[in-house]
Amino acid sequence: MEEGFISIRGKNIWYGVFGKEKEGTPMLVVHGGPGFCSVVESGDDLSEDRPVYMYDQLGSLRSDKADSIEAYTTEYFVEELDDVRKALGLDKVILMGHSWGGGLVSKYMLDRDPDGVRALVLNSPFLSARFFNEDVERNLARLPEKVRETIERLEKDGNYGDEYQGAIMEYYKVYGCRKRPVPEMVMKMMMTANYEVYGKLQGPSEVKLSGDLRDFDLMPQLGKLKVPVLLVSGDNDEISVDSMRAYQLAIPDSRLAIIPDAGHLNAIEQPEYFKAVVNRFARRF
Numbered sequence: 001m002e003e004g005f006i007s008i009r010g011k012n013i014w015y016g017v018f019g020k021e022k023e024g025t026p027m028l029v030v031h032g033g034p035g036f037c038s039v040v041e042s043g044d045d046l047s048e049d050r051p052v053y054m055y056d057q058l059g060s061l062r063s064d065k066a067d068s069i070e071a072y073t074t075e076y077f078v079e080e081l082d083d084v085r086k087a088l089g090l091d092k093v094i095l096m097g098h099s100w101g102g103g104l105v106s107k108y109m110l111d112r113d114p115d116g117v118r119a120l121v122l123n124s125p126f127l128s129a130r131f132f133n134e135d136v137e138r139n140l141a142r143l144p145e146k147v148r149e150t151i152e153r154l155e156k157d158g159n160y161g162d163e164y165q166g167a168i169m170e171y172y173k174v175y176g177c178r179k180r181p182v183p184e185m186v187m188k189m190m191m192t193a194n195y196e197v198y199g200k201l202q203g204p205s206e207v208k209l210s211g212d213l214r215d216f217d218l219m220p221q222l223g224k225l226k227v228p229v230l231l232v233s234g235d236n237d238e239i240s241v242d243s244m245r246a247y248q249l250a251i252p253d254s255r256l257a258i259i260p261d262a263g264h265l266n267a268i269e270q271p272e273y274f275k276a277v278v279n280r281f282a283r284r285f
C-alpha cells in the first residue's frame, strides 16, 4: 500500500492506495462510523483489476482532528469527499461506502450530481434514520430478554457505562460481526474510533439516534440516483434485508447481494464472498 496525506482546509487527511498501477476504473472507499477508520486490510482484496483508494475522514484515526466538534457536519463530509476525489485525480471513479459511508456517498451524489462517477457500491448503507430506527427496534426484540431489558433500562437512564457497553457487545455479536473469534481489525476499529465524531452525528447510543443524523432520510430522493448501484448486505445485518430491498426498489438501476452468515461487517466476516460480488459488479465499469 502507498499512503500519504492531503491538505484540506489546513488539515491533513490520510489516504492509502492499493494497485495504483492497475488499469481498471479506480475505486474510492468511504468508511463508516461516523468517526471510525478505513479498514486497510480489505483494500488489497479489491485491487486485482483496479486501483483502490481509501481515506480517513476528518477526526478519524490517521487524519487530523477538527479544531471544534461543531466542524463535524454532514455538509462538511460531503465537501471533504469531493475535495479528496479531486486531490487524488479521480476524474473517473467507482465510489464504495459502508454504513455511514454509504449514506455519505449517496448524499454526495444527490447533492452534487458529480461528473465521472461510474457506479456506486453501497454496503449496508445508512440511508434513512426512520428505517434504521425500525430495524433496531426489531433487532432488539430478538435479543435474549435479559440483554434487551438491560439495554433499554440503561438507555432510558442515559447510562452508557461499562454495564451498557457489555450489553451492547451482545447486540454487536448478533448484528455487527458474527465471526469468531472477533477479527483483530474489528477490535482495532472499535478501540481507535473517535467517539466525539460519533456522538456529534449518531449520539452516544448505537441503538437510538439522537445526534445530527436523527432526521437523516434520503429515501424520498433515491429515485434520482443516475448511476448503476450495487447494494450489499449481510443476511443478519443491523440494516435489515427488508430495508435493503426497499432501497433496491427505490433506486432505478440497482441490484442487491445478500451475503450469508454475516452481519453489518460482512466484508470482514465473509471476505471472499464480498470480494467476488464487488469485483464482478465493478468489472463492468
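Under the UniProt record's numbering, the sequence shown has 35 at position 35, and the numbering climbs by one with no breaks.
The beta carbon of each residue, even a glycine, is placed where N, CA and C say it ideally should be.
All values derive from a computational prediction rather than experimental measurement.
{"Check": "Contact belief for Ser205 with Tyr160 at Cβ below 8 Å, rounded distance in angstroms", "Outcome": "7 Å"}
{"Check": "Inter-residue Cα distance where the pair is Phe18 and Leu222", "Outcome": "31 Å"}
{"Check": "Bridge partner(s) assigned by DSSP for Asp217", "Outcome": "Ser128"}
{"Check": "Among Tyr273, Lys22 and Met27, the one whose alpha carbon lies nearest that of Ile258", "Outcome": "Tyr273"}
{"Check": "C-beta contact flag for Val39 and Met185 at 9 Å", "Outcome": "yes"}
{"Check": "Nearest neighbour of Phe285, chosen from Ile94, Leu90, Ile13 and Pro114 [CA to CA]", "Outcome": "Ile94"}
{"Check": "Distance CB(Gly97)-CB(Ser106) smaller than 9 Å", "Outcome": "yes"}
{"Check": "Beta carbon of Pro34 nearer than 9 Å to that of Leu218", "Outcome": "no"}
{"Check": "Proximity below 9 Å, CB of Leu122 to CB of Val232", "Outcome": "yes"}
{"Check": "At least three beta-carbon pairs within less than 8 Å, the region 71-90 to the region 19-28", "Outcome": "yes"}
{"Check": "Beta-carbon proximity list for Asp215, same chain, < 7 Å, skipping 5 on both sides", "Outcome": "Ala129"}
{"Check": "Proximity below 9 Å, CB of Ile239 to CB of Pro183", "Outcome": "no"}
{"Check": "Cβ neighbour criterion (16 or more within 10 Å) applied to Gln165", "Outcome": "exposed"}
{"Check": "Rounded straight-line distance, which links the Cα of Val52 to that of Val281", "Outcome": "It is worth fixing the name first, because residue 281 is Phe in this sequence and not Val. Near 15 Å, if we compare the C-alpha coordinates of Val52 and Phe281."}
{"Check": "N-terminal and C-terminal residue of the alpha helix (DSSP H) that Asn266 is part of", "Outcome": "Asn266 to Glu269"}
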